[in-house]
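Numbering (the working numbering), first residue to last: 42 to 301.
All residues carry an ideal CB built from backbone N, CA and C; glycine is no exception.
Here the structure comes first, spelled out in structure tokens, and everything after it is commentary.
In structure tokens:
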């Protein structure tokens, strides 16, 4: 059969995935569904790009790694812009269908948890939200035990001849990596003597910045929509989200700013 736009993109199947549950249904529920499904598609693409980036670091492909980092940051900027659309949903409009969400919550997004683990925010307790043995649980378990993006970058630096301590390279990947004075010393040297790799470092900082901006925009959007109410699915809502703010993904790259 001839491949068409609709058949290639599975448009009919895609458009059947938006199924509001409210009576009527409420006009604004479709927007809520479309935005969050869009987020999940972008999460899928981010995981695709970041896994590719890990492979590029592992094979020492500097230029392609830098290009991929710039793409990832552009995707995050798109996610930030999507908050603008979601903010058109007023508190009353959201409350018109909120009860239909029942126990559903963004905290249950396994792809977002995968991204957190890949960036280094390892927390085995988060697996408790998923059925042991399920595909979602297995995916997160694999991410929990795997090296992070930062681990891959440090291995890349080591292969480039930089003196990354063995203890840092061979750490327990299931735990959160601690900032390292020895790594920071290497990074300062990279900035001063290796222009292309220093660009990669700055691209990592760009991603870190965009991720923090997206978190902040998300928190303020939730606050303006539900205030201090409990979040969907019984989560603590704004209180928990605020606790995630201003926590850099790559703390070593921020720590060296005062060294220049």
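Pairing residue 266 with residue 132 gives a Cβ-Cβ distance under 8 Å. DSSP places residue 108 inside the alpha helix (DSSP H), whose first and last residues are 103-127. Per the C-alpha coordinates, the member of 213, 118, 254 and 189 positioned closest to residue 93 is 189.
Taking the Cα positions, residue 174 is about 21 Å away from residue 147. Its Cα nearest to that of residue 116, the residue 247 stands out among 262, 247, 297 and 298.
The alpha-carbon separation between residue 178 and residue 170 amounts to approximately 9 Å. Collapsing the DSSP output to three states places residue 199 in a helix. Under the 10 Å beta carbon count, residue 64 is surrounded by fewer than 16 other beta carbons and is classified as exposed. Closest by C-alpha distance to residue 120, out of 238, 180 and 253, is 253. Excluding its 5 nearest sequence neighbours in each direction, residue 107 has C-beta neighbours in its own chain below 8 Å: 237, 240, 241 and 244, listed in chain order. Here the alpha carbons of residue 42 and residue 192 stand approximately 46 Å from one another.
Counting C-beta pairs closer than 8 Å gives three or more between the region 126-140 and the region 257-266, which meets the contact rule. Each residue's CA atom was taken as its position, placing residue 220 and residue 67 some 48 Å apart.
Residue range 292-296 is occupied by the alpha helix (DSSP H) that includes residue 292.
For residue 206, the closest alpha carbon among the candidates 228, 45 and 300 is that of 228.
Closest in alpha carbon position to residue 168, among 187, 182 and 196, is 182. Annotation for residue 199: 205 and 210 place their beta carbon closer than 7 Å to its own, counting only its chain and skipping 5 residues before and after. If you draw a straight line from the Cα of residue 290 to the Cα of residue 255, it is about 13 Å long. For the region 164-191, the continuous alpha helix (DSSP H) assignments of 4+ residues that do not extend past its boundaries occur at 176-186, in sequence order. Residue 242 carries a helical assignment under DSSP once its states are collapsed to helix, strand and coil.
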